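**Q** First the structure, which I've put down as structure tokens, then a few questions once you've had a look.
There are 2 protein chains.
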Amino acid sequence: MVKKQEHEIPLTSFRIEDSFWSYFQKLVTDVVIPYQEQILNDELPDVEKSHAIENFRIAAGKSDGEYYGMVFQDSDVAKWLEAVAYSLTLNPNPELEKRADDIIELIGQAQQEDGYLNTYFTVKEPEHRWQNLHDCHELYCAGHMIEAAVAWYESTGKTNLLDIMCRMADHIDNRFGKGKVRGIPGHEEIELALLRLYRATGEERYLHLSQYFIDERGTQPDYFEEEEKNRGWHFWSKDGSDKNYAQNYAPVREQDHATGHSVRAMYLYTAMADLAGEIHDESLWQACLRLFDSTVNRQMYLTGGIGSSVHGEAFTVDYDLPNDTIYAETCASIGLVFFARRMLELKPDRRFSDVMERALYNGVLSGMQHDGKRFFYVNPLEVIPGLSGVQPEYKHVIPKRPKWYACACCPPNVSRLLTSLSAYAWGESVGQNDKTPSPADSENEAAASTDTCDTVYSHLYIGGTFTSKAGGGVTIRTETSYPWDGAVCYTVTPDSAASEFTLAVRIPGWCRDFLVSLNGQVLDTNSLDLRDGYLYVNRSWTNGDQLKLSFDMPVRRVYANPLVREDAGCVALMRGPLVYCLEQEDNGPQLQTVRLPKDSILTAENASDPVLGSYTAVRATALRLTPGDDLYSDEPPKAEETVLHAVPYYLWGNRSEGEMRVWIPEV
Amino acid sequence: MVKKQEHEIPLTSFRIEDSFWSYFQKLVTDVVIPYQEQILNDELPDVEKSHAIENFRIAAGKSDGEYYGMVFQDSDVAKWLEAVAYSLTLNPNPELEKRADDIIELIGQAQQEDGYLNTYFTVKEPEHRWQNLHDCHELYCAGHMIEAAVAWYESTGKTNLLDIMCRMADHIDNRFGKGKVRGIPGHEEIELALLRLYRATGEERYLHLSQYFIDERGTQPDYFEEEEKNRGWHFWSKDGSDKNYAQNYAPVREQDHATGHSVRAMYLYTAMADLAGEIHDESLWQACLRLFDSTVNRQMYLTGGIGSSVHGEAFTVDYDLPNDTIYAETCASIGLVFFARRMLELKPDRRFSDVMERALYNGVLSGMQHDGKRFFYVNPLEVIPGLSGVQPEYKHVIPKRPKWYACACCPPNVSRLLTSLSAYAWGESVGQNDKTPSPADSENEAAASTDTCDTVYSHLYIGGTFTSKAGGGVTIRTETSYPWDGAVCYTVTPDSAASEFTLAVRIPGWCRDFLVSLNGQVLDTNSLDLRDGYLYVNRSWTNGDQLKLSFDMPVRRVYANPLVREDAGCVALMRGPLVYCLEQEDNGPQLQTVRLPKDSILTAENASDPVLGSYTAVRATALRLTPGDDLYSDEPPKAEETVLHAVPYYLWGNRSEGEMRVWIPEV
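Laid out in structure tokens, this is it:
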């Protein structure tokens, strides 16, 4: 029977001190959060107007203005508050905390007497509350504010926002459910939020309400069609007839392909996985496995981007992965991280953590300018200024990160993910010696005896100090220069003289050769306890024990499945978890003329740049074809030798505006 | 100074009896024209409704119905009538002629007292006549009916339609021009039609009116912006702000890149070239050269398709030639044939005739089902059922030819081109011994002495009998199995005992090796008079003289300019003028997994198919990659040997619905 293999652990249990990630965490706490606060308060000139906090003031009766923005503008504030909550665990900041408390107070004032909270429908159309769940995002906004409330409570211990959102959750619970009004959200989010609220409060009604929304999706009669029939008004022109868009083509347990709006899909699947673990629901787990497989093995870009089409910001069909008209919304890659993390809780298997890593180091990070002040919504794998951002098919593929968006879902999503990164690096299973079969068992893999012991899981290689209850209490210090270097050293310090537990460390799927040493002695690879991509090291750990991993990290040529039309004949360059790309800044224009010979020499080289900082570049001997005058010719184009300079994909678009491409024809 | 190097010659001067083209001409006369007549009369079930003839009945007061169809529905009748006119020169058909005369009588009855003719604005919105030239196609419809009138007059000698359209032309001339009302058409066509009307009638006002419309385009203040301002109503939502769409970004003589709606562009450029020759306008000729170069050397598909984007059915930017989201409207390739033909009149140069041939044998013919009853509007170079015709980006790329269209411009355009093919095969310059410098001179190529002699030009290799006035009168019989075979034999029969003239024969750009023999004696290649891709053979021809050409016609690998992103790393197969493609029918699905090794063996083989008939197939040893389970892998995909069967592109889509592709990755 499926069940969670990991406990929830507090964010503070892993303090990140890392040569790679600390930069981003500091960037978010010091730059991004204040920058976004200014935007939400409309204090920055020359950026897309937010008005999100002013909307709360208007709803609270403290201002006379007009509502402005998307129908889900409230969620920008929610996600920012959630990021602030996490940031306080990294960097206490009483002034920021006070300002956030003031906003929370304002949110409370904007709440209606019956618990309802949504500034759009409070200010603009109170008569239309709850009538257009397909388009109007009331449950979505509630979900995000619930997430913020849980984060705020867990970080600060304060219940101010939690109390507000419990009232809203109760309001929702009083309205929707079996024997009450029928409803499901067009944009999923409330489901995963209610599960977090359930765990924060212990209130089982929230678990059941989440399950109601999950179970109801895709059942007949179609809720969105019924809603559309009953409604005499429209917010947008969307109708509910597209059953893929909001993942309602079948009851969720019967679904087998990831469809529609990719962010919606990820938020739903995240909740499904979470719920499967909470209620030990095997059929839900099996659906999650199918949907994960559909997402990452047939519809995912090399960068962990998902969503091939701007139309519906959506998945299309298997193996359709255009690089230049791509959508690959930053939020979708973040959602994929959420989904993979929840799957990993149910089964320690690198098929989940590898994807989490891929998205984090590539498609998520690319969403933010290296200075934290500009953001991509769409993360292309090929950009051609003049087409990209200009021609109708490419209009959404903007070659330079804008400062803000009218639909600003992505920037605060990056903030909350990066400030809560600790939750993704480590897992812990303590005191679970009950021998309940794990999903691994159900797939005919015998649980090793070490499974009966406390286990800590190292999912990501991030420097810092992890404090675990395993083996009676232990501190594990990680030192690494990952992803620039493949060496990771874990130093164990038990609270008592010795501590028996299992340290389970992911061996990444990208790695062909690695060495493991324990206290300086190299372990025989054949004797290692390797299961599902995790190396299990069980022992009685004593003070100063060191487990060292050394992953061979050459530059790799990566090939797409030949069913992917758009990458036919092409190769991409990766090193460790990082996808590399060519930029015009380093390689000149007309990148489509570059060819990578099969025998070309690929090297990793330290590089430094005033904007990008220090990074590892990939250099490659290559060919550049010489365009002739003829559009078509019987003669193969002439070629000149050249040397390419590839940069990590997450760093692209930080310098001059120019061409970029990931996939290179191989010759 | 630019001037026409060819005279107008009557269609009847070249009687086609050809193993390739006679099929299509017979198909059009016997099947397509009656089929389209039924559709225009709404007599066929299960096809997109036309109503085009009924609209004329309503406008004539002979029926009470409601107008139906596009604002340019009249033009479908015009193009059909034009095709009927040409078809009567191929195959006299008194009954068809009578029915056409009845329709012409109806058209006359639909004409207003002031000469105005347009059923939409007569029936639906008489108060809005001539107020929306940008969108409403009144001048476009007039142009097509003028072309029909000229064709009808030239084929039958009857002036019934010519009289009607002279009244309409006079109406237009009375309204528009310098010192009268300002105006230019949104969709060009009237310009080239008025030039034909001028030549048919000798009335110089029509020449001047054509020149007015050409000269006025792109001048300031912008006509379409002014019109938009003055108008309080809209037909469509288009505004006049896009200066590329209707080629009004600059006065035509200053234009240097082909832009916007590609059919509009071709019709304009055709008229510009025609006018340049009529009025000896060197700057207009130079603009035509630039626009031809922009079209065919930077924006044309291998098939002679043009228009890369569905948005505006338009050109985009140089070297942007997506194969799967392509537009490449059949009408645009037809327009390119018109443009190339007019250019060729001004300068016998294979850069024009090669393009004419490329479009004719590929992108034009592909527009019609092999049975003449279905038609493509969009002619893709890659089709993937499930994406093509379904997903929003690919919605317009229908994998199977529909029977008819709501916007049915293409089908009758194919009909009129195929029935008038004689006009494209031969050219004639008789009695032009005036030593006026030709454009060739202006490019520093000395006119050979033979230029002072009568010349006949063989632009296309089509079997049949050409009757020329050259050298005092001569008949030239052509025998060939082109394009399946590279042998062409011209047998000359002078009207008198001997006849001195130059036979100028195109040596196609695709041909690397050829032999020429005169009366069985092979000519020394070094002694040939070859200029601009034409072989000039001047002599005193006597009865039975034979000039034989033998073009080596191997299967060729063709490469796109490396600036074309979408064809990077790919090769296409051609033989003679024919582009080849792979279809699922012959090669199975997942054509994106096919790779063509550089050293693979390519052979031409006779093939026969119940639907396609006899044709030459290309067979190629190749590789097929084996899709694994992984979406991305460090291992290059495994490959199996396979043999490909490629069919001529013009034949694609005639059998089962399936994948098709032209460009194949080369390894």
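Chains as they are written, first to last, in the numbering used here: chain A, 3 to 669; chain B, 3 to 669.
Where is the CB? At the ideal position from N, CA and C, for every residue including glycine.
Since the model is a prediction, treat every value here as computed from it, not as a measurement.
1) What do you get for Glu445 (chain B), buried or exposed, if any count of 16 or more other CB atoms within 10 angstroms of its CB means buried?
2) Find out if the Cβ-Cβ distance for the pair Ala54 (chain B), Thr124 (chain B) is shorter than 7 Å.
3) Could you check the C-alpha separation between Arg233 (chain B) and Gln133 (chain B) for me, to the nearest Å?
4) Taking the alpha-carbon positions, what's the Asn540 (chain B) to Thr504 (chain B) distance?
5) Below 9 Å between beta carbons is the criterion; list the residues of the segment 285-301 of chain A that meet it against any residue of chain B, in chain order.
6) Would you say Asn563 (chain B) reaches chain A, if we count a Cβ-Cβ gap shorter than 7 Å as a contact?
7) Check each candidate in B:Cys513, B:Gly159, B:Tyr634 and name the one with the smallest Cα separation from Pro579 (chain A).
8) So which residues of chain B does Ser311 (chain A) contact, with C-beta pairs closer than 7 Å?
9) Output needed in chain order: residues of the segment 608-639 of chain B with a Cβ under 8 Å from some Cβ in chain A.
10) Measuring CB to CB, does Ile166 (chain A) end up less than 7 Å from Glu218 (chain A)?
11) Give me the residue from B:Gly630, B:Asp32, B:Met576 with the minimum Cα distance to Ala619 (chain B).
12) On a Cα-Cα basis, can you pick out the residue from B:Tyr617, B:Thr595, B:Pro612 that is closest to Pro667 (chain B)?
13) Check whether the Cβ atoms of Glu568 (chain B) and Asn325 (chain B) lie closer than 7 Å to each other.
14) Can you name the residues of chain A whose CB is closer than 8 Å to the CB of Gly388 (chain B)?
15) How far does the alpha helix (DSSP H) with Glu229 (chain A) in it extend, from its first residue to its last?
16) Going by beta carbon distance, what residues of the same chain come within less than 8 Å of Thr158 (chain A), once the five residues before and after it are set aside?
17) Quick one: what does DSSP say Gly71 (chain A) is sitting in, helix, strand or coil?
18) From which residue to which residue does the beta strand (DSSP E) around Pro496 (chain A) run?
19) Check whether the Cβ atoms of Ile1 (chain A) and Phe58 (chain A) sit closer than 7 Å, and answer yes or no.
20) The beta strand (DSSP E) with Tyr538 (chain A) in it runs from where to where?
21) Can you grab the Cα-Cα spacing for the pair Val458 (chain A) / Trp543 (chain A), in whole Å?
22) Can you pull the DSSP bridge partners for Glu607 (chain A)?
23) With a cut-off of 7 Å, does the C-beta of Ala570 (chain B) fall near any C-beta of chain A?
24) Per DSSP, what kind of secondary structure is Cys138 (chain B) in: helix, strand or coil?
25) Just the C-alpha distance for Arg300 (chain A) and Asp320 (chain A), rounded to the nearest angstrom, thanks.
26) Between which two residues does the alpha helix (DSSP H) carrying Met268 (chain B) extend?
27) May I have the straight-line CA-CA distance separating Asp436 (chain A) from Gly262 (chain A), to the nearest angstrom?
28) Roughly how far, in whole angstroms, is the beta-carbon of Glu50 (chain B) from the beta-carbon of Tyr407 (chain B), given that I think they are within contact range, below 8 Å?
29) Return no unless some Cβ of chain A is closer than 7 Å to the Cβ of Gln586 (chain B).
30) Buried or exposed for Arg514 (chain B), please, with buried defined as at least 16 other CB atoms from any protein chain shown within 10 angstroms of its CB.
31) Is any beta-carbon of chain A found at less than 7 Å from that of Val664 (chain B)?
32) Between Leu532 (chain B) and the rest of its own chain, which residues show a CB-CB distance below 7 Å, the 5 nearest in sequence each way excluded?
33) Pull up the distance between the alpha-carbon of Arg353 (chain B) and that of Leu565 (chain B), whole angstroms please.
34) Just the C-alpha distance for Pro350 (chain B) and Tyr536 (chain B), rounded to the nearest angstrom, thanks.
35) According to DSSP, simplified to helix, strand and coil, what is Ser451 (chain A)?
36) Taking C-beta pairs closer than 8 Å, name the residues in chain B that Gln594 (chain A) reaches, listed in chain order.
**A** On the basis of the supplied data:
1) Interpretation of Glu445 (chain B) is limited by its pLDDT of 45, a score under 50 that renders its predicted location unreliable; no figure is taken from the coordinates.
2) no
3) 7 Å
4) 4 Å
5) Val298, Asn299, Arg300, Gln301
6) yes
7) B:Tyr634
8) Gln393, Pro394, Glu395
9) Leu627, Thr628, Pro629, Gly630, Asp631, Asp632, Leu633, Tyr634, Ser635, Asp636, Glu637, Pro638, Pro639
10) no
11) B:Met576
12) B:Thr595
13) yes
14) Val319
15) 225-232
16) Ala87, Leu90, Glu99
17) coil
18) 489-496
19) There is no way to answer for residue 1 (chain A), as the model of chain A reaches only from 3 to 669.
20) 536-544
21) 13 Å
22) A:Ala619
23) yes
24) coil
25) 5 Å
26) 264-281
27) At Asp436 (chain A) the pLDDT is 45, less than 50, meaning the model places this residue with poor confidence and gives no usable figure here.
28) 6 Å
29) no
30) exposed
31) no
32) Ile509
33) 21 Å
34) 7 Å
35) Because Ser451 (chain A) sits at a pLDDT of 41, beneath the cut-off of 50, its placement in the model cannot be relied upon, and the point is left open.
36) Pro564, Leu565, Val566, Arg567, Ala570
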